[in-house]
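Its first residue numbered 372, the sequence shown is counted upward by one per residue in the working numbering. Written below as structure tokens is the structure these notes are about.
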Amino acid sequence: MSKARPATTRSQRLMEKVYLQLGANELRERWIDDKHGVLGLAEPGVITVSLAALVPIIIHEALHRAYPESSERAIDAMTSYAYNRMNDDDCKRIIAVWSSKSKRIKRPTTAE
372 MSKARPATTR SQRLMEKVYL QLGANELRER WIDDKHGVLG LAEPGVITVS LAALVPIIIH
432 EALHRAYPES SERAIDAMTS YAYNRMNDDD CKRIIAVWSS KSKRIKRPTT AE
């Protein structure tokens, strides 16, 4: 009698596919001109992600630190307001600061 395989959710199956692809591909991050809404480029064997895609997340999380009493809705509104008024140079500056100051977490984290 074989052991029953634990039930997996659809999201778990999707994430298994994501991790398989990350392990099987060359990974790149670079600045991609986002004027046309391009956040990543698909090439055979290569996964490329635009650093510009991180800008709204960086702004959002920094605003949480700056305004800890604000609601998620208020932070979302402030993030959209700031981000929608930025040009490519502003975005590149944010990424440069982030890249120079951030520390990579060595252990995966889980949301609880």
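The beta carbon of each residue, even a glycine, is placed where N, CA and C say it ideally should be.
Burial state of residue i, where buried means 16 or more other Cβ atoms lie within 10 Å
i      : result
Ile430 : buried
Thr380 : exposed
Ile428 : exposed
Val426 : buried
Residue closest to residue i, alpha-carbon to alpha-carbon, out of the options
i      : options                           : result
Ala453 : Pro439, Glu440, Ser470 and Glu432 : Glu432
Cβ contact check for the region 453-465 and the region 421-440: 3 or more pairs under 8 Å: The answer is yes - the region 421-440 touches the region 453-465, with three or more Cβ pairs under 8 Å.
Those runs of the alpha helix (DSSP H) which lie wholly inside the region 435-480 and span at least 4 residues: The region 435-480 contains, as complete alpha helix (DSSP H) runs of 4+ residues, the segments 443-454 and 459-472 (chain order).
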